[in-house]
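Engineer: FYI, in UniProt numbering the residues of the sequence shown are 1 to 151.
Ideal placement from N, C-alpha and C gives every residue a C-beta, glycine not left out.
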Amino acid sequence: MATERTYVMVKPDGVQRGLCGEIMSRFEKKGLKIVAVKFMVIPRSVAESHYGEHKGKGFFNGLISFITSGPVLAMVLEGDNAVAVCRNMMGKTNPQESAPGTIRGDFGMVTGMNLIHGSDSVDSAKREISIFFKPEELMSYKRSADEWTYE
Ligand code: DAT
Ligand code: MG
Numbered sequence: 001m002a003t004e005r006t007y008v009m010v011k012p013d014g015v016q017r018g019l020c021g022e023i024m025s026r027f028e029k030k031g032l033k034i035v036a037v038k039f040m041v042i043p044r045s046v047a048e049s050h051y052g053e054h055k056g057k058g059f060f061n062g063l064i065s066f067i068t069s070g071p072v073l074a075m076v077l078e079g080d081n082a083v084a085v086c087r088n089m090m091g092k093t094n095p096q097e098s099a100p101g102t103i104r105g106d107f108g109m110v111t112g113m114n115l116i117h118g119s120d121s122v123d124s125a126k127r128e129i130s131i132f133f134k135p136e137e138l139m140s141y142k143r144s145a146d147e148w149t150y151e
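1) Secondary structure at G146, three-state DSSP: helix, strand or coil?
2) Please state whether DSSP places F59 in a helix, a strand or coil.
3) Hey, which unbroken runs of the beta strand (DSSP E) at 3 residues or more fall wholly within the region 67-141?
4) Please report the Cβ distance between V8 and L63, rounded to the nearest whole angstrom; I am assuming they are in contact, meaning their Cβ atoms lie under 8 Å.
5) Less than 6 Å between the CB of D123 and some heavy atom of the ligand MG, yes or no?
6) Please list the terminal residues of the continuous alpha helix (DSSP H) segment that includes I23.
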């Protein structure tokens, strides 16, 4: 098994539309383990660091304004291949190109309000988790359901 941790965040539009529970529930039901959760308004400097790879792009300033415009639900999820599993459940960046059954495909209409962020690699997951959480905020625990989730 390739147990990984990934950084997932319900963006301000998802919070405003009352989708926190729905989104978290999908990950829980899939079998991902919740390792950490935080409800917060992201400071501008933290948002710029989180989205550093997009600095200089035309949408960067709008993205930073949007992601800092209200509270987000930040979380760390763990499981086998958690990074790719979560990205698949999110759908494509443009919700109109996302398959039904994915979070963006089911709930989103435009790229600028695509509801959710998820790390795109194990390396970015490590970087993003360390931006939003202290090591002691990450819980290591066993769930009895794990033995009915993995062979
Ligand atoms: P993803 O969130 O799927 O990893 P990304 O890393 O390419 O996508 O971009 C980060 C976010 O920036 C994305 O979720 C929404 C916004 N964004 C990306 N491309 C955009 C564009 N062409 N116009 C407006 N917003 C964009
Ligand atoms: Mg990305």
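Structural biologist: With the structure as the only source:
1) As a working note, residue 146 is residue 146 in the sequence shown. Sequence check: residue 146 is Asp here, not Gly. Three-state result, D146: helix.
2) Locating residue 59 in the sequence shown gives position 59, counting from the first residue. Three-state result, F59: coil.
3) 72-80, 116-118, all fully within the region 67-141.
4) Against the sequence shown, residue 8 aligns to sequence position 8. Against the sequence shown, residue 63 aligns to sequence position 63. Their Cβ separation, rounded to whole angstroms, is 17 Å, which puts V8 and L63 out of contact at 8 Å.
5) Here the question's residue 123 lines up with position 123 in the sequence shown. Because no heavy atom of the ligand MG lies under 6 Å away, the Cβ of D123 does not count as near it: no.
6) Locating residue 23 in the sequence shown gives position 23, counting from the first residue. It spans 20-30 - the alpha helix (DSSP H) in which I23 sits, taken as one unbroken run.
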